[in-house]
Each structure stands twice: as C-alpha cells, then as structure tokens.
Amino acid sequence: MEGEHRLRRVLGPVALTSLGIGCIIGTGIFVLTGIAAHDKAGPALSLSFVVAGVACIFAALCYAEFASMVPVAGSAFTYAYATLGELTAWIIGWDLVLEYTVASASVAHGWSKYFQEFLGTLSRYFNIAALKVPAVISDTPFDFNPRTGTFVATGSYVDLPAIIIAVVITMILVKGIRESASVNAAMVILKVSVVLFVIVAGAFYVDPRNWHPFAPYGYLGISIFGKTVAGQTGPGGVPLGMLAGAAIMFFAYIGFDSVSTHAEEARNPQRDVPIGIVASLLICTVLYIGVTIVLTGMVPYNKLDINAPVSNAFAQVGLPWAQLIIAVGAIVGITSVLLVLMLSQPRVLLAMARDGLLPRNFFGAVHERFRTPWKSTILTGSVVAAGAALIPLRVLAELVNIGTLLAFVIVCVAVLIMRKTHPDAKRPFRCPLVPLVPLLGTGFCLLLMFSLPAHNWMRLGIWLVIGLVIYWSYGRRHSLLRQKHLEEWPVPVESEVDSETR
C-alpha cells in the first residue's frame, strides 16, 4: 500500500471497544426507550432489547470474522469486494455512504435539540432567562408532517447548533485518529457513568407494581411494509407488542459495525477488531436492559415522557436535580455517536478510492502529518452540517434504518460465500455455528427490512440508482479490480498487514 494512503496503527482493543460503545449508546437509550415502552411494548421492552441484541450479535459475529480476515479500512464494502465482486461492493459501499452520512446528520440535528433542552433546564434550575437559542437559528426551515405527508414551515432559517457541532467534530477528526479516540474515550467514560447512575440511583425508586401488566400489548407485533400481520394493531395500522419494540430498538444498536471501519488503524487487527465489535455490543446490551427495567419500574410505562424519558422519570419521583446530570450525559452521549459516525464515513470512501471507484487523489488522500483522510473528512463534515441544518429529522431518520440493514444482510451472506469459496483461508476469528449464525442474521435483518414502510424502499432504490449511474460512468472505467486479485485474496492482504504489524 502506498505510504501516502496508509493510516496510522494506534488503536488497541480497549480503544476499539470504546469506539463501538461511543457509537451505540446515545439516542437509543435517552430517547427510544420512552417511545418504545410507551407506544409499543410496555415493561416487556426489556425483552425487546434481548431479542434485538441477539439479532445484532448474529451480524456482529459475521463482521468479526471478516474484520479478522480483511483488516483494512472499508467495513462491509471491503468484505463484499473480496467475496461478491466489484458491482455488489459498489452497491454496499454506496449504501454505507448513505447510512453514515444520513445517520450523522440525524444525530447532529438531535444533538441540537438536546443542547437546547439542556439550556432550558439550566435556565429553569438557575433562573437564568437569557439561556436560549434564538428561534430563527434553532431548527430546520421546514418540517415533515407524517399524517398529511406535507412539509410545513417552522419559522426558522437554519439549525445553527447542528452546524457548530458538525464543524467542531470535523476539526477533531482531521487532527488525527489518536486524538479522536482519546476524545471519544473521555466521552464514553462520562456517559457510561451517567447510565450507571440512572440504573443504581433509579433502582431505589422502583415500584414492582409498575411492571404489571408486563406485556400490555402482547408479545408479537410483526409487520410487512408497515402493515401488521401478527399481533395487536395501533392507530394507523402500526404493530404493537414486544417484537414491535424489538424492531425499534434494533436501531439502538447501530454502531458496532463502525468498529470494523478502523481495522487498518488497529495495532493487532486480527485479534483486536473482533474483541471491539463483540465486547461493545455485549456491554451496551446489558446497559440497555438495565435502564429499561429501572425506568419502567420507576414510572408506569404509559406515563413515560416520549421526548426525554430518562430525565423526566427522575423528575416524577422527586429528583429534579438529577435532570441536569442526565442532560449532560445525553449531550455527551450523542456527541460521541456523532464523532464515531463521522470518523467511519471517510474510511469507507478511502477504501472505495483505493480500488479506483472514486477519485483517488481526493478521497484517497491521507494527510502527511496527521495520517487521516482529511479531504473526505472535510467533505463529510460539510455535507453533514448542511443536511442537519436544513433537512427535517423525520426525513433523515427514515433513510438510516434500511441502509444499515442492507449492509448487515450483505455481510452475513458474504460469510457463507467465503466459507464455500475459500474454506482454507486464514481466519483468526471464526464465526461459530456456520451456516446457522449467518442464516439467522440474514433472516432477522430481512424481517426487519420488510417491516419498514414501502416509501423507505423507494428512497433506497432512488439512492442506489444514482450510485449505479456514478459507477458505470466513472467507477467501472477507473477500477483497479483484476480477476487475479480476487483469486489470490486474501494472501496479499495478510502479507501487507503482517509486514506493517511486525
């Protein structure tokens, strides 16, 4: 690999696990728990987290096997390139561009809302009336009304806090992976401490009677293209039940796959990346379940606040001072999610550029001093800032889910193909119970994909068509792929990594 395109190997298993936790814990624990418990599953949401966690672990084990075999930047794109061919790799790479960019914009927009809520909490707690973002720079210019299917004006011109946080994160990421990982580690320690505070302090205010009925909406809730086919049905035909809660909370786990994008920056990628993927997922699952049990025990599920369930639960039991602690944890938690998402996106673009599918002199450029893909990092930050400042959160959030699930499906299928085509390839980490685990991972992800409304599929289709136009007009003509390269893989990759890590 040419020196100007090589990243710096500085990450160990703890740093990689921290990156995974940093990307996973955020909106899911501070927002989605309230929506899912209140509207979908009740106290049975704790089981929803178990189901969603099990579904994720299937995909995570497949990611871990590939990360140990192909320890270079690129995540699912690199895995698809090595097993399913260039066209499929381009599709999944283009899909990852959608996932990371839109997810980053969604999180930046959500960070803005939490920051403004934090200012409001400070204002009420300390009686400071001036702590408020002016309305004309506090939101996107328009919002989307899902009931009418129309856009409505908000009275604001731009979401300035979202722009500011995107710019700050971009500056940190350009500086270097070591600095980015250190900032993330500090934020992870703080937000995990807040989550543990919620579990421990909240446990003293649990009333077991609030856990009855445990599953008020039943244990099902399965839908196809947004239409309920098993279980109770809510307003508008939406599914209700424990499995419906699992479908929502699956997306609270999104982020473990970001660990694999940093394989090229790991000191011992074959060992450390699988540890980071699996450990971050298991730790977050335990924390999610703990918070859910405590919250639904502190406050009846139908009295949980949808927008700020954690802080509001403490206010309801007479601990308003805890709202400040939780608000800080929420802001820090969402900040670390944004950092890891924006850290991962340029690595995917770098991998695509190395194979000639994108302009190498731009997307493949690594800073001589900082050893970071600085040009694509700045581009990513600019797009994220613009998207978060101008596009409504509802529109952004819907685009994230289906793209992520498609990436998971591709990786699970790729493990099956690789075991068949390269059975003797070196696998420092082996996914257990093949083909059962990849098949279960594929099945769970497809079930969740088909549970999404039809318009999500339409938007994904439009995005992929745009990507195919770019591929056929540029990527295919500049591709470095040769059949010999695929036949000899993974020997060149192993040789390169061995030489760098010795």
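Using my numbering, you'd call the opening residue of the sequence shown number 46 and step up by one each time.
Where a beta carbon is used, it is the ideal one built from N, C-alpha and C, also for glycine.
All values reported here derive from a predicted model rather than from experimental measurement.
DSSP-derived helix/strand/coil call for residue i
| i | result |
| --- | --- |
| Leu56 | strand |
| Ser201 | coil |
| Val274 | strand |
| Ser63 | helix |
| Phe249 | coil |
| Ser183 | strand |
| Asp350 | coil |
| Asp84 | helix |
| Lys469 | Reading off the sequence, residue 469 comes out as Asp, not Lys. Coil, per DSSP. |
| Ala311 | strand |
| Leu525 | coil |
| Phe474 | coil |
| Leu77 | helix |
| Pro258 | coil |
| Phe301 | helix |
| Phe189 | strand |
| Phe415 | coil |
Beta-carbon spacing of residue i, residue j below 8 Å
| i | j | result |
| --- | --- | --- |
| Leu450 | Met494 | yes |
| Pro391 | Ser421 | yes |
| Phe301 | Leu332 | no |
| Leu90 | Leu444 | no |
| Gly276 | Gly263 | yes |
| Ser569 | Val233 | No information on residue 569 is available, as it lies outside the stretch 46 to 547 that the chain covers here. |
| Ile322 | Tyr108 | yes |
| Gly378 | Lys236 | yes |
| Glu162 | Ala372 | yes |
| Pro404 | Val411 | no |
| Tyr159 | Ile182 | no |
| Leu141 | Ala121 | yes |
| Pro483 | Val460 | yes |
| Tyr250 | Val336 | no |
| Ile370 | Phe171 | no |
| Ala375 | Met114 | no |
| Ala112 | Ala308 | yes |
| Leu505 | Ser151 | no |
| Ile334 | Val99 | no |
| Ala396 | Thr123 | yes |
| Ala97 | Ala291 | yes |
| Lys465 | Gly266 | no |
| Ala324 | Met287 | no |
CB-CB length for residue i against residue j, believed under 8 Å
| i | j | result |
| --- | --- | --- |
| Ala153 | Ala398 | Going by Cβ atoms, the distance from Ala153 to Ala398 rounds to 25 Å, so no, they are not a contact pair. |
| Ser157 | Pro206 | 4 Å |
| Gly401 | Ser524 | 5 Å |
| Val429 | Met387 | 6 Å |
| Asn255 | Gly138 | That belief does not hold up - the Cβ atoms of Asn255 and Gly138 are roughly 46 Å apart, past 8 Å. |
| Val318 | Ser305 | 6 Å |
| Gly221 | Phe415 | 5 Å |
Limits of the alpha helix (DSSP H) - the one that residue i falls within
| i | result |
| --- | --- |
| Val96 | Leu90 to Met114 |
| Trp139 | Glu131 to Phe171 |
| Arg392 | Ala367 to Arg399 |
| Thr128 | Ala121 to Thr128 |
| Phe495 | Leu481 to Phe495 |
| Ala430 | Trp419 to Leu435 |
| Phe407 | Arg405 to Phe408 |
| Val339 | Pro314 to Met343 |
| Trp508 | Ala499 to Ile515 |
| Leu288 | Met287 to Met294 |
Residue i - containing beta strand (DSSP E), residue span
| i | result |
| --- | --- |
| Ile267 | Ile267 to Ile269 |
8 Å Cβ cutoff, residue i in contact with chain C
| i | result |
| --- | --- |
| Thr278 | Looking for chain C here will not work: only one protein chain is present. |
Residue i: CB within 7 Å of a non-hydrogen atom of the ligand MG
| i | result |
| --- | --- |
| Val147 | The ligand MG is not part of the structure shown, which contains no ligands of any sort. |
Cβ-based neighbour list, residue i, same chain, cut-off 7 Å, excluding 5 preceding and 5 following
| i | result |
| --- | --- |
| Ala104 | Phe453, Val456, Cys457, Gly486 and Cys490 |
| Thr195 | none |
| Asn229 | Ser63, Leu64, Gly67, Ser381, Leu384 and Val385 |
| Asn347 | His83 |
| Ile102 | Leu326 |
| Pro354 | Thr78, Gly79 and Leu340 |
| Ala211 | Ala153, Gly426, Val429, Ala430 and Ala433 |
| Ile173 | Leu167 |
Sequence-distant residues of the same chain with beta carbon closer than 6 Å to residue i, five excluded per side
| i | result |
| --- | --- |
| Arg312 | Arg54 and Gly57 |
| Tyr516 | Trp135 |
| Phe270 | Ala499 |
| Gly73 | Ala297 |
| His530 | Note that His530 scores 49 on pLDDT, short of 50, meaning its location in the model is unreliable; the coordinates nonetheless yield the value given after this. If we look at His530 and ignore the five residues flanking it on each side, it has no Cβ neighbours. |
| Val344 | Ala358 and Gln361 |
Residues near residue i by beta carbon distance below 8 Å, same chain, minus five either side
| i | result |
| --- | --- |
| Leu218 | Ser225, Leu384, Met387, Leu388, Pro391, Thr417, Thr422 and Gly426 |
| Asn501 | Glu443, Leu444, Asn446 and Ile447 |
| Lys272 | Gly282 |
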